[in-house]
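Its first residue numbered 6, the sequence shown is counted upward by one per residue in our numbering.
Where a beta carbon is used, it is the ideal one built from N, C-alpha and C, also for glycine.
These numbers were taken from a predicted model, which means no experiment stands behind them.
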Amino acid sequence: MAQTERAHPLRIAFFGTPKFAATVLRHLVAFDGAEVVAAVTQPDRPCGRGHRCQPPEVKVLALEHAIPVLQPETLKTREAQQALKDLQADLFVVVAYGLILPQAVLDIAPLGAINVHASLLPAYRGAAPIQRAIQDGCPVTGITIMQMDAGMDTGDILLQRSLAIGIDDTAATLHDELADMGGRLLVEALTRRAQGRLMRLPQDHARASYAPKLRKEEGLLAWDRPATVVHNHVRAFHPWPGTWFFWEHEGRRLRLNIHPGRIGETLPPGTAPGTMLGVDGDALAIACADRAYLVSRLTPEGGKPMTGRAFACGYLRLCL
Numbered sequence: 006m007a008q009t010e011r012a013h014p015l016r017i018a019f020f021g022t023p024k025f026a027a028t029v030l031r032h033l034v035a036f037d038g039a040e041v042v043a044a045v046t047q048p049d050r051p052c053g054r055g056h057r058c059q060p061p062e063v064k065v066l067a068l069e070h071a072i073p074v075l076q077p078e079t080l081k082t083r084e085a086q087q088a089l090k091d092l093q094a095d096l097f098v099v100v101a102y103g104l105i106l107p108q109a110v111l112d113i114a115p116l117g118a119i120n121v122h123a124s125l126l127p128a129y130r131g132a133a134p135i136q137r138a139i140q141d142g143c144p145v146t147g148i149t150i151m152q153m154d155a156g157m158d159t160g161d162i163l164l165q166r167s168l169a170i171g172i173d174d175t176a177a178t179l180h181d182e183l184a185d186m187g188g189r190l191l192v193e194a195l196t197r198r199a200q201g202r203l204m205r206l207p208q209d210h211a212r213a214s215y216a217p218k219l220r221k222e223e224g225l226l227a228w229d230r231p232a233t234v235v236h237n238h239v240r241a242f243h244p245w246p247g248t249w250f251f252w253e254h255e256g257r258r259l260r261l262n263i264h265p266g267r268i269g270e271t272l273p274p275g276t277a278p279g280t281m282l283g284v285d286g287d288a289l290a291i292a293c294a295d296r297a298y299l300v301s302r303l304t305p306e307g308g309k310p311m312t313g314r315a316f317a318c319g320y321l322r323l324c325l
């Protein structure tokens with residue numbers, strides 16, 4: 006069996022949409038043991054200030070490698086499912102596709118469908134595992150290669166690898182590390198499958214936790230929480246949707262968008278949370294429940310990003 010699969014690379018249909026998926030696809034394209042027969046991705050969508058239609062990053066990469074692209078609005082129609090059958094793929098690989106695969110689709114490929122998920126399942130099932138792990142202050146996360154079933158991230162585990170989360174990691178930095186790890190681990194899983202060394206381990210559903218999609222309104226900061234909690238919140242929501250708070254200035258309420266900073270010194274008892282304490286290097290120190298949070302950069306509503314010191318000089322007149 007192993008020799009046959011090596012002589013005839015697996016025919017794989019790749020399902021994915023954003024940058025994370027494109028990074029994984031890049032590893033798959035470079036793998037000699039697989040032939041990507043199609044990239045299935047979401048339709049081009051308007052985005053940006055001009056609302057111009059932009060192709061998904063998976064589509065861009067696929068076209069660069071002359072891989073046929075399918076962009077169905079839904080996978081529930083007979084036409085979409087027939088198009089997938091016509092690919093004659095051995096295996097479906099699904100990475101941040103953005104649509105649920107119905108059981109009828111999961112049953113099309115003889116080897117089923119496998120998923121690259123950015124957490125150590127059964128922890129953080131769902132849409133935002135990277136951000137929620139940072140928000141919760143987890144010291145470690147990872148990648149799971151999973152055999153898909155009809156549930157949400159409930160299938161058997163095929164392979165896992167862990168990755169430490171640094172104290173200053175943001176959703177952006179961790180995203181890129183995990184995407185690269187996901188691509189490498191996918192190739193390892195496919196290699197093990199060809200060698201007959203890929204085992205299936207059922208998940209312990211009693212230990213499952215969930216990572217719901219981020220909502221914009223969750224970006225509002227609460228300074229009456231410990232500085233570690235604030236720091237985790239800021240870095241988990243960077244770059245999207247961002248974190249902010251409202252500040253009363255010269256009779257108007259100003260929204261201040263916060264960039265990731267660092268945790269400062271312990272505060273004297275009685276310091277009111279949210280108090281702007283002054284500058285520390287280029288950062289603006291803001292009181293949390295226990296310590297200062299040092300904001301290195303922030304963006305006033307309608308303005309441009311500036312250092313914490315520049316903000317203190319311009320708005321607080323605390324030039325030191």
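Verify whether the separation of the beta carbon atoms of Pro135 and Leu179 is less than 7 Å. In the sequence shown, the residue the question calls residue 135 occupies position 130. In the sequence shown, the residue the question calls residue 179 occupies position 174. Going by the sequence as given, residue 135 is Ile instead of Pro. Yes, Cβ-Cβ distance for Ile135 and Leu179 is below 7 Å.
So Leu104 packs on Gln47, CB below 8 Å; how close in whole Å? Along the sequence shown, one-based indexing puts residue 104 at 99. Along the sequence shown, one-based indexing puts residue 47 at 42. Contact annotation, Leu104 with Gln47: C-beta distance approximately 7 Å; criterion of less than 8 Å satisfied.
Integer-rounded CB distance, given that Val234 should sit under 8 Å from Thr248: Taking the sequence shown and counting its residues from 1, the one referred to as residue 248 is at position 243. Taking the sequence shown and counting its residues from 1, the one referred to as residue 234 is at position 229. Incorrect: roughly 12 Å between the Cβ atoms, too far for contact.
Going by CA-CA distance only, name the one from Arg57, Val63, Asn237, Lys24 that's closest to Cys293. Position 288 of the sequence shown holds residue 293. The residue among Arg57, Val63, Asn237, Lys24 with its C-alpha nearest the C-alpha of Cys293 is Asn237.
Apart from the five residues just before and just after Ser167, which ones in its own chain have a Cβ nearer than 8 Å to its Cβ? As a working mapping, residue 167 is identified with position 162 in the sequence shown. Same-chain partners within the cutoff: Leu125, Val145, Thr146, Gly147.
With H, G and I counted as helix, E and B as strand and the rest as coil, what does DSSP make of Cys293? Your numbering for residue 293 matches position 288 in the sequence shown. In the three-state reduction of the DSSP assignment, Cys293 falls in the coil class.
Considering only C-alpha positions, which residue in the set Glu253, Arg296, Pro265, Ala123 is nearest to Pro274? Walking along the sequence shown from the start, residue 274 turns up at place 269. Ranking Glu253, Arg296, Pro265, Ala123 by Cα distance to Pro274 puts Arg296 first.
Burial state of Pro310 (16 or more Cβ within 10 Å): To locate residue 310, count along the sequence shown from 1; it is residue 305. Under a 10 Å Cβ-count criterion, Pro310 is classified as exposed, with fewer than 16 other Cβ atoms of the shown protein chains found around its own Cβ.
Between the Cα of Arg175 and the Cα atoms of Val74, His243, Ala35, Gly279, which residue gives the shortest distance? In the sequence shown, residue 175 corresponds to position 170, counting from 1. The question names Arg, but residue 175 is Thr in the sequence shown. Checked all of Val74, His243, Ala35, Gly279; the closest Cα to Thr175 is His243.
For Lys221, count neighbouring C-beta atoms within 10 Å of its own C-beta (all shown protein chains included) and say buried if the count is 16 or more, exposed if not. Residue 221 sits at position 216 when you count from the first residue of the sequence shown. The residue in question, Lys221, is exposed, as its Cβ has fewer than 16 Cβ neighbours within 10 Å.
Which ranges would you report for the beta strand (DSSP E) in the stretch 101 to 130 if only whole runs of at least 3 residues count? As far as the stretch 101 to 130 is concerned, its whole beta strand (DSSP E) runs of at least 3 residues are 118 to 122.
Just list the beta strand (DSSP E) runs in the stretch 237 to 312, keeping only unbroken ones of 3 residues or longer that don't cross its boundaries, in chain order. Taking 3 residues as the shortest admissible run, the stretch 237 to 312 contains the following complete beta strand (DSSP E) segments, listed from N- to C-terminal end: 248 to 254, 257 to 263, 267 to 271, 281 to 285, 288 to 292, 296 to 300, 302 to 305.
Where does Ala315 fall in DSSP's three states? Locating residue 315 in the sequence shown gives position 310, where the first residue counts as 1. Helix.
Just to confirm my understanding: we take Val100, look at its own chain, exclude 5 residues before and 5 after, and list those with CB closer than 6 Å. What are they? Within the sequence shown, residue 100 is the residue found at index 95, counting from 1. Its chain contains Gly21, Ala26, Val29, Val121 as the residues whose beta carbon lies nearer than 6 Å to that of Val100, once the 5 sequence neighbours on both sides are disregarded; these appear in chain order.
How many angstroms separate the CA atom of Leu92 from the CA atom of Glu78? Along the sequence shown, read from residue 1 onward, the residue named residue 92 stands at position 87. Along the sequence shown, read from residue 1 onward, the residue named residue 78 stands at position 73. Each residue's alpha carbon lies about 18 Å from the other.
Counting only the same chain and skipping the five closest in sequence on each side, list residues whose C-beta sits under 7 Å from that of Leu326. It is not possible to answer for residue 326, since the shown part of the chain is limited to 6 through 325.
Contact under 7 Å by Cβ, Arg16 with Pro127: Position 11 of the sequence shown, counted from the start, is the residue given in the question as residue 16. Position 122 of the sequence shown, counted from the start, is the residue given in the question as residue 127. No Cβ-Cβ contact shorter than 7 Å links Arg16 with Pro127.
Work out the CA separation of Asp229 and Gly378 for me, nearest whole Å. Not covered by the structure: residue 378. The range shown for the chain is 6 to 325.
Taking all protein chains shown into account, decide if Pro115 is buried (16 or more other Cβ within 10 angstroms of its Cβ) or exposed. The sequence position of residue 115 within the sequence shown is 110, counting from 1. Exposed.
Could you tell me the alpha carbon to alpha carbon distance between Thr312 and Ala39, rounded to whole angstroms? As a position in the sequence shown, residue 312 is number 307, starting the count at 1. As a position in the sequence shown, residue 39 is number 34, starting the count at 1. Cα-Cα distance, rounded: 48 Å.
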